[in-house]
Amino acid sequence: MARTNIHRAQESLRVLEEAARSADPSLVNRLASLRYRCYDHEPATLAALERWSIAKKLDFGLYVVLGQEFARGRDFLEVTEKAIAGGAGAIQLRAKDMPVREFLDWAFRLRELTKQHGVTFIINDRLDVALAVGADGVHLGQDDFPVREARRIAGPQLIIGASTHSVEEARRAVDDGASYFNIGPIFPTGTKKGVAAPVGPDLITQVTAVVNHPFTVMGGIKADNVDEVLRRGARRIAVVTAVVAADDITAAARAFTDKIQKRFSQPAQ
194 MARTNIHRAQ
204 ESLRVLEEAA
214 RSADPSLVNR
224 LASLRYRCYD
234 HEPATLAALE
244 RWSIAKKLDF
254 GLYVVLGQEF
264 ARGRDFLEVT
274 EKAIAGGAGA
284 IQLRAKDMPV
294 REFLDWAFRL
304 RELTKQHGVT
314 FIINDRLDVA
324 LAVGADGVHL
334 GQDDFPVREA
344 RRIAGPQLII
354 GASTHSVEEA
364 RRAVDDGASY
374 FNIGPIFPTG
384 TKKGVAAPVG
394 PDLITQVTAV
404 VNHPFTVMGG
414 IKADNVDEVL
424 RRGARRIAVV
434 TAVVAADDIT
444 AAARAFTDKI
454 QKRFSQPAQ
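In terms of my numbering, the sequence shown is residues 194 to 462.
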């Protein structure tokens, strides 16, 4: 919309410039100058708006990652509705073993649901699916599609998240164009097969001391240990089983969001 309005302004100035040639030639140069200034400022204006849009979509506290194997027979829509009711501000669809057509169908349905609630929607791994359904972003692991190439294909408007397990990987993710990086697994977790050894909460302190960039934390985080990562400066908490597998999904999500909001009363930076 911003691009369209800028182009309308440019075209309007061009029309006024042409009209002024016969009505008032003294205005021609001034109108032409304004039109060229519109051209000059267009890239910077659009870039600033894109940065603002990304920052707004990353202004969440609880980030729920959907894993069907942990949902206890409840489908993605039910889990998502209840998680959002508990304050989840971001939802990620992760189902690596699901056939792509089924995955795509769920992605379209979840995109519609999250859009209705104004919740950020991220696709795990599949850049093609994220672009096809108009998701807000994609999350990529160390062995997934490279962040740098994803940014080249998707452009600046797509959120790109990257899994990291060290200061060096966090730095590289930012350099490659990631909108945010994830630090983890913080604590022992059985959510993913072949997962890396826990990095521990100390890594949060180490990373934030040298990398000033949005990040999430994940891995074995529960309501009874989330305070430890919050004290280290984490503001965006990603969870799977602690919410998705809970008896009461809404209450489980609310337990996290209450603690996050209590710790940080201002929007995430």
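All C-beta atoms, glycine included, are put in the ideal place defined by N, C-alpha and C.
Computed from a prediction, not measured in an experiment: that's the story for all the values here.
- Across the set Ala-264, Phe-269, Arg-265, Gly-279, the C-alpha of Gly-279 shows the shortest separation from the C-alpha of Phe-253.
- Put simply, the backbone Cα of His-358 is about 57 angstroms away from that of Asn-222.
- About 6 angstroms separates the beta carbon of Val-322 from that of Phe-296, a gap short enough to meet the 8 angstroms contact definition.
- Non-local beta-carbon contacts of Lys-275 in its own chain, meaning distances under 6 angstroms to residues more than five positions away in sequence, involve Ile-442, Thr-443 in chain order.
- Per DSSP, reduced to three states, the secondary structure at Ser-356 is strand.
- The three-state secondary structure of Ala-347, taken from DSSP, is helix.
- Following the DSSP letters along the chain, one finds Val-403 in no beta strand (DSSP E) but inside the alpha helix (DSSP H) bounded by residues 395 to 403.
- A straight line joining the alpha-carbon of Gly-260 with that of Pro-407 spans about 24 angstroms.
- Residue nearest to Ala-435 within the set Ala-355, Asp-417, Val-422, Arg-201 is Asp-417 (criterion: CA-CA distance).
- Distance from the Cα of Ser-372 is smallest, within the candidate group Ala-283, Val-388, His-332, Arg-447, for His-332.
- For the pair Ile-247 and Ala-366, the Cα-to-Cα distance works out to about 16 angstroms.
- A residue is called buried when at least 16 other Cβ atoms come within 10 angstroms of its Cβ; Gln-454 does not meet this threshold and is exposed.
- Secondary structure note for Val-410: it is in no alpha helix (DSSP H), and the uninterrupted beta strand (DSSP E) holding it is 408 to 410.
- From the listed residues Ala-288, Ala-355, Arg-214, the smallest Cα separation to Val-340 is found for Ala-355.
- Secondary structure at Leu-251: coil, using DSSP grouped into helix, strand and coil.
- In this structure, Phe-457 sits away from Arg-425, with a CB-CB distance that is not shorter than 8 angstroms.
- In the DSSP assignment, Leu-286 falls within the beta strand (DSSP E) that extends over 283 to 286.
- Assigned with DSSP and collapsed to three states, Asn-375 falls in strand.
- Per DSSP, reduced to three states, the secondary structure at Thr-382 is coil, with no helix or strand assignment.
- Collapsing the DSSP output to three states places Ile-442 in a helix.
- Rounded to whole angstroms, the separation of the alpha carbons of Asp-369 and Arg-344 is 8 angstroms.
- Excluding sequence positions up to five before and after Lys-415, its CB lies within less than 6 angstroms of the CB of Ala-435, all in the same chain and listed in chain order.
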